[in-house]
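> Take this structure first; my questions come after.
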Amino acid sequence: MNITKSSCTLALKCVIISANLCARLCTGYLVYAGWVSSTIGRWPFSNLQVDDYNLKGKAMLIRSATLADLNACLELGADSQTDYVWQMDNRRENHTVTIRFQTVRLPRTMYVRYPCSRDDLLACWERGSTVLVVTNKPKTAESATEMEEETDAGKQAAAPIFGYCQLDAEPWHKTAWITHLIVDRPYRRRGIGTALLKASIAWGKSRGLERLMIAVQTKNYPAIAFCEKNNLIFCGFNDHYYVNRDIALFFTLRIGGSSDRSDYPVYVGADTNGSQIGTDF
Numbered sequence: 029m030n031i032t033k034s035s036c037t038l039a040l041k042c043v044i045i046s047a048n049l050c051a052r053l054c055t056g057y058l059v060y061a062g063w064v065s066s067t068i069g070r071w072p073f074s075n076l077q078v079d080d081y082n083l084k085g086k087a088m089l090i091r092s093a094t095l096a097d098l099n100a101c102l103e104l105g106a107d108s109q110t111d112y113v114w115q116m117d118n119r120r121e122n123h124t125v126t127i128r129f130q131t132v133r134l135p136r137t138m139y140v141r142y143p144c145s146r147d148d149l150l151a152c153w154e155r156g157s158t159v160l161v162v163t164n165k166p167k168t169a170e171s172a173t174e175m176e177e178e179t180d181a182g183k184q185a186a187a188p189i190f191g192y193c194q195l196d197a198e199p200w201h202k203t204a205w206i207t208h209l210i211v212d213r214p215y216r217r218r219g220i221g222t223a224l225l226k227a228s229i230a231w232g233k234s235r236g237l238e239r240l241m242i243a244v245q246t247k248n249y250p251a252i253a254f255c256e257k258n259n260l261i262f263c264g265f266n267d268h269y270y271v272n273r274d275i276a277l278f279f280t281l282r283i284g285g286s287s288d289r290s291d292y293p294v295y296v297g298a299d300t301n302g303s304q305i306g307t308d309f
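Residue 29 is where the sequence shown starts when you use this note's numbering, and the numbers rise one by one after that.
As structure tokens, then:
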């Protein structure tokens, strides 16, 4: 077989070009994989000791959720009960539209189903949504033997989840959205929801966001009272927000930037002076 010098040179150049191309592709893949890993790995939320909110004498801990926590989150009871609702009155006269919300007492207690699907929690978590959970504060092992025993026990029974919230950032208008804020029914009215709200505010501030937003149903009065109790301000509504056609109320809280509250919209006829019923959170 006759192989000329020019053929060898051409073959060698092809090998070098192919090697460089493979190296660039591998480098690009590693950079992309690192970005995906850092995104899916969630914002590094440091554990927040919730010592002010004790549950049966045990201090609580707020931390980023792990994959194993998500199934436990979906098992939590998200429905609620209420004796009050915000009733909307929408009137159009000539060129004027008047929308009024009034607190109305119901003739009997209403069972309120949670309007949002939580089945996509895993998908949202994989896309980069932050999920914070409230669980028991772990004990501090005094010896290596105790640490090994606690590790073995943890494999048999995972720490219970009492509540969680899902957070999403919209950097283009510097807003943090609380997509879900759930506290299991047996553990409500113990400060867990307030602790999750404080953690959400810290999360938003750490990303340079300036507002916190949350949507609640007009008939979920415990959630409305929770928002008002924690100084969130009613800022709008959407009557096509939920798939079950419940009206969504939007509440906001400024968490960064200017402290001037004059930029909050004022809605004529929004009556929020009803009886303040204790929140279920």
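Ideal Cβ positions, reconstructed from N, Cα and C, are used throughout, including at glycine.
Please read all numbers here as calculations on a predicted model, not as lab measurements.
So what's Y139 in DSSP terms, helix, strand or just coil?
strand
> Since A106 is in the beta strand (DSSP E), which residue starts that stretch and which ends it?
Segment: none, A106 is in no beta strand (DSSP E) and carries neither H nor E.
> CB-CB under 6 Å to F190, same chain, minus the five flanking residues each way: which ones, in chain order?
Here the set comprises V162, D212, Y215, I220.
> Taking the continuous alpha helix (DSSP H) assigned at D252, which residues delimit it?
It should be noted that the sequence gives Ile, not Asp, for residue 252. I252 -> alpha helix (DSSP H) spans 249-257.
> Going straight from the alpha carbon of R128 to that of K202, what length do you get?
29 Å
> In three-state DSSP terms, what is C144?
Here C144 sits in coil by DSSP.
> Could you give the DSSP three-state label for A96: helix, strand or coil?
helix
> Within 8 Å, do at least three Cβ pairs link the stretch 273-288 to the stretch 254-264?
yes
> Run through DSSP, which three-state label would R155 get?
In the displayed model, R155 falls within a helix according to three-state DSSP.
> Within 10 angstroms of its Cβ, does V113 collect 16 or more other Cβ (buried), or is it exposed?
buried
> In the DSSP assignment, the alpha helix (DSSP H) including W231 goes from what residue to what residue?
Where W231 is concerned, the enclosing alpha helix (DSSP H) stretches over 220-234.
> How about the stretch 95-109 and the stretch 137-152: do they share at least three Cβ pairs that are nearer than 8 Å?
yes
> So is T307 buried or exposed if we call it buried at 16+ other beta carbons inside 10 Å?
Low local confidence applies: a pLDDT of 40 at T307 is under 50, so the model's placement there is unreliable, and no value is given.
> Please name the residue or residues paired with W205 in a DSSP beta bridge.
D196, M241
> Given a cut-off of 8 Å on the beta-carbon distance, is the pair L224 and L134 in contact?
no
> Who are the near neighbours of A187 in its chain, counting only those whose CB is closer than 7 Å to its CB and skipping five residues on each side?
T163, N164
> Assign Y215 to one of three DSSP states: helix, strand, or coil.
helix
> So that I know if they touch, is there some Cβ in chain C lying closer than 8 Å to that of L237?
Considering every chain present, this structure includes no chain C. It has just one protein chain.
> Grab me the residues of R5's own chain with a C-beta within less than 6 Å of its C-beta, minus the 5 sequence neighbours each way, in chain order.
Not covered by the structure: residue 5. The range shown for the chain is 29 to 309.
> Quick one: using the 10 Å Cβ neighbour count with 16 as the cut-off for buried, is V244 buried or exposed?
buried
> Per DSSP, R128 is paired with what?
D117
> Have a look at N272, I252, S234 and flag the residue whose alpha-carbon is nearest the alpha-carbon of V16.
The requested residue 16 is not part of the displayed model; the chain covers only 29 to 309.
> Starting from the C-beta of N248, find all residues in its chain whose C-beta is less than 7 Å away, skip the five residues before and the five after it, and write them out in chain order.
S108, T110, V140
> What three-state label does DSSP hand L134 in the structure shown?
strand
> Just grab the DSSP bridge partners of N164 for me.
M88
> What would DSSP say about L260, mapped onto helix, strand or coil?
coil
> Going along the chain, which residues of its own chain have a beta-carbon closer than 8 Å to the beta-carbon of R273, five neighbours each way excluded?
D267
> Return the CA-CA distance between D97 and T124, expressed in angstroms with no decimal places.
50 Å
> Out of A204, I275, D147, point me to the one whose CA is closest to T246's CA.
I275
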